[in-house]
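One structure below.
Protein chains in written order, with the working numbering: chain A, 1 to 222; chain P, 1 to 223.
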């Protein structure tokens with residue numbers, strides 16, 4: 001299954017390299033949304049520092065929703081999803097490979113630009129480090145839960161809207177613990193509790209979401 | 001029964017519904033090495049649904065499909081290793097070149113990839129002039145040829161082909177007929193639907209008519 005997973009990742013990364021618009025859109029969206037806030041709220045260091053972590057986390061969740069509907073849709077349309085399901089390897093491997101590729105293409109660039117965006121909100125270095133770490137734990141959650149949502153809504157009309165309604169509530173715990181960790185550092189109460197809960201939430205989504213996605217893929221294509 | 005004529009692919013009392021409509025029920029079939037099953041019927045009579053059931057995409061509403069005597073749901077990985085399915089959609093990516101498409105579809109099926117053989121196969125299918133183009137730039141028929149190349153490279157015992165001749169010109173149709181004959185002579189099995197005439201002179205062909213009022217049946221040995 002490991003080799004299968006790797007070939008899914010390699011394939012999706014090659015496709016992403018040929019179709020840069022897709023993931024650059026999500027990245028630009030993230031950068032733009034989080035830059036609009038300092039511009040519209042005004043240059044008050046205290047206020048910016050207070051809203052910064054929350055704004056960056058909300059922008060990350062929305063950016064992930066932008067890229068998710070196409071996770072399985074393109075492969076479904078040209079028939080290659082069907083062919084992948086007919087592979088001898090388990091469908092869960094396919095889902096995990098797709099999630100990993102999605103995170104590499106969508107989550108990783110987000111992590112890289114976050115320190116710069118954190119500076120806009122007057123966040124101290126320590127808070128930025130915690131923010132990046134919380135996103136490191138949190139963006140895989142977005143990809144995992146999003147994959148389950150994308151598989152459930154595959155082939156439905158208006159799937160893009162439906163996936164938002166379905167997945168956004170599930171994102172809430174990640175959002176609370178992620179932004180809370182940075183808030184904890186800023187207020188001096190520490191970030192460990194929030195980060196541990198975020199890690200636990202990651203483990204839960206990692207063990208549950210791929211199976212849900214695999215089962216719904218089989219149903220959607222059955 | 002000797003091993004040559006024992007059926008590898010069999011189905012019993014197969015039924016399929018789409019929505020509220022019954023497409024077929026009580027359908028039986030048995031296919032031995034070297035044999036062809038041609039599924040016929042008008043549009044919307046359930047040809048593609050039957051092929052998908054046989055390929056293991058989706059479950060029948062009744063009955064079961066067996067490969068080497070075992071239900072395919074229970075031997076999924078062996079079955080998928082020995083079966084290749086060519087659907088309406090070609091399953092190739094527009095962004096990739098033909099050879100890249102073959103490489104990835106190979107990797108996903110866990111088979112070692114031989115680039116020389118892939119190139120030879122693409123040339124044999126008349127694609128030598130478009131090897132360095134992304135599939136987006138290919139015509140409909142050329143993309144179908146890429147999908148056929150993937151089918152050939154799969155080295156599968158059983159081919160399930162849904163309208164394999166769609167979009168192909170006369171040369172390609174003759175080529176496909178030749179490929180099918182080779183496949184059958186090597187002991188392969190074929191299940192296909194087609195609205196075009198498929199010249200398989202000399203092959204052991206069963207016909208299965210879908211969409212009749214009475215339950216459609218195909219007994220082994222009806223030619």
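All C-beta atoms in this analysis are idealised placements derived from N, C-alpha and C, irrespective of residue type, glycine included. Being a predicted model, the structure only gives us computed values, none of them experimental.
Partners in chain A for residue i, counting only beta-carbon separations shorter than 8 Å
i, result
"residue 58 (chain P)", "221, 222"
"residue 171 (chain P)", "By Cβ distance, chain A contributes nothing, its closest Cβ being about 24 Å from residue 171 (chain P), past 8 Å."
"residue 81 (chain P)", "88"
"residue 104 (chain P)", "7, 10, 11, 14"
Residue i - DSSP class collapsed to helix/strand/coil
i, result
"residue 162 (chain A)", "helix"
"residue 71 (chain P)", "strand"
"residue 13 (chain P)", "strand"
"residue 8 (chain P)", "coil"
"residue 160 (chain P)", "strand"
"residue 121 (chain A)", "coil"
"residue 26 (chain P)", "strand"
"residue 1 (chain P)", "Any reading at residue 1 (chain P) must be qualified, since the residue scores a pLDDT of 44, below 50, and its modelled position is unreliable; no value is offered."
"residue 213 (chain P)", "Residue placement at residue 213 (chain P) cannot be trusted, given a pLDDT of 46 that sits under 50; what the coordinates show is reported in the next sentence. Coil."
"residue 206 (chain P)", "strand"
"residue 37 (chain P)", "strand"
"residue 193 (chain P)", "strand"
"residue 21 (chain P)", "strand"
"residue 184 (chain P)", "helix"
"residue 31 (chain P)", "strand"
"residue 114 (chain A)", "helix"
"residue 145 (chain P)", "helix"
"residue 139 (chain P)", "coil"
"residue 134 (chain P)", "coil"
"residue 207 (chain A)", "helix"
"residue 157 (chain A)", "coil"
"residue 189 (chain A)", "coil"
"residue 166 (chain P)", "coil"
"residue 108 (chain A)", "helix"
Candidates the options: closest to residue i by CA position
i, options, result
"residue 38 (chain P)", "P:52, P:117, P:13, P:190", "P:190"
"residue 20 (chain P)", "P:35, P:61, P:36", "P:61"
"residue 121 (chain P)", "P:15, P:175, P:200, P:184", "P:175"
"residue 145 (chain P)", "P:179, P:114, P:81", "P:179"
"residue 209 (chain A)", "A:53, A:91, A:147", "A:147"
"residue 130 (chain P)", "P:118, P:97, P:181", "P:97"
"residue 11 (chain A)", "A:172, A:84, A:68, A:48", "A:84"
"residue 225 (chain P)", "P:197, P:152, P:8", "The shown model of chain P, from 1 to 223, leaves out residue 225 (chain P), and the question about it has no answer."
"residue 47 (chain A)", "A:120, A:21, A:102", "A:120"
"residue 3 (chain A)", "A:123, A:185, A:88", "A:88"
"residue 6 (chain P)", "P:76, P:34, P:65, P:109", "P:34"
"residue 79 (chain A)", "P:69, P:92, P:67, P:78", "P:92"
"residue 99 (chain P)", "P:90, P:127, P:110", "P:127"
"residue 56 (chain A)", "A:17, A:22, A:141, A:114", "A:114"
"residue 17 (chain P)", "P:53, P:40, P:104", "P:53"
Cutoff 7 Å; reference residue i; Cβ partners in own chain excluding five residues on either side
i, result
"residue 85 (chain P)", "55, 160"
"residue 92 (chain A)", "210, 211, 214"
"residue 156 (chain P)", "82, 83, 84"
"residue 82 (chain A)", "221"
"residue 162 (chain A)", "153, 156"
Sequence-distant residues of its chain with Cβ nearer than 6 Å to residue i (five each side left out)
i, result
"residue 27 (chain A)", "109"
"residue 59 (chain A)", "30, 33, 34"
"residue 215 (chain A)", "none"
"residue 220 (chain P)", "In this prediction, residue 220 (chain P) scores a pLDDT of 38, lower than 50, which makes its location untrustworthy; the coordinate-derived value is nonetheless stated afterwards. These residues qualify, in order along the chain: 30."
"residue 133 (chain P)", "none"
Chain A residues whose Cβ lies nearer than 7 Å to that of residue i
i, result
"residue 77 (chain P)", "88"
Neighbour list for residue i in chain P, Cβ cutoff strictly below 9 Å
i, result
"residue 4 (chain A)", "107, 108, 109, 110"
Amino acids of chain P, ordered along the chain, whose beta-carbon sits closer than 7 Å to that of residue i
i, result
"residue 73 (chain A)", "Result: empty, since nearest Cβ-Cβ is about 13 Å, beyond 7 Å."
"residue 19 (chain A)", "95"
Under 8 Å from the C-beta of residue i: neighbouring residues of chain P
i, result
"residue 78 (chain A)", "89, 90, 91, 92, 93, 94"
"residue 8 (chain A)", "108"
Amino acids of chain A, ordered along the chain, whose beta-carbon sits closer than 9 Å to that of residue i
i, result
"residue 55 (chain P)", "82, 86"
Residue i Cβ short of 8 Å to the ligand ADP heavy atom set
i, result
"residue 148 (chain A)", "Absence of the ligand ADP is noted for the structure shown, with no ligands found whatsoever."
Close-in-space but distant-in-sequence residues of the same chain around residue i (CB under 8 Å, 5 per side omitted)
i, result
"residue 102 (chain P)", "113, 118, 121, 122, 146, 149, 150, 153"
*What residue ranges within the segment 10-97 of chain A form continuous alpha helix (DSSP H) runs of no fewer than 4 residues, ordered along the chain?*
Here the runs fully enclosed are 20-41, 45-67, 70-77, 80-85.
*Residue ranges of each alpha helix (DSSP H) run of no fewer than 4 residues wholly in the segment 48-117 of chain P, ordered along the chain?*
Runs of the alpha helix (DSSP H) inside the segment 48-117 of chain P: 76-82, 98-108.
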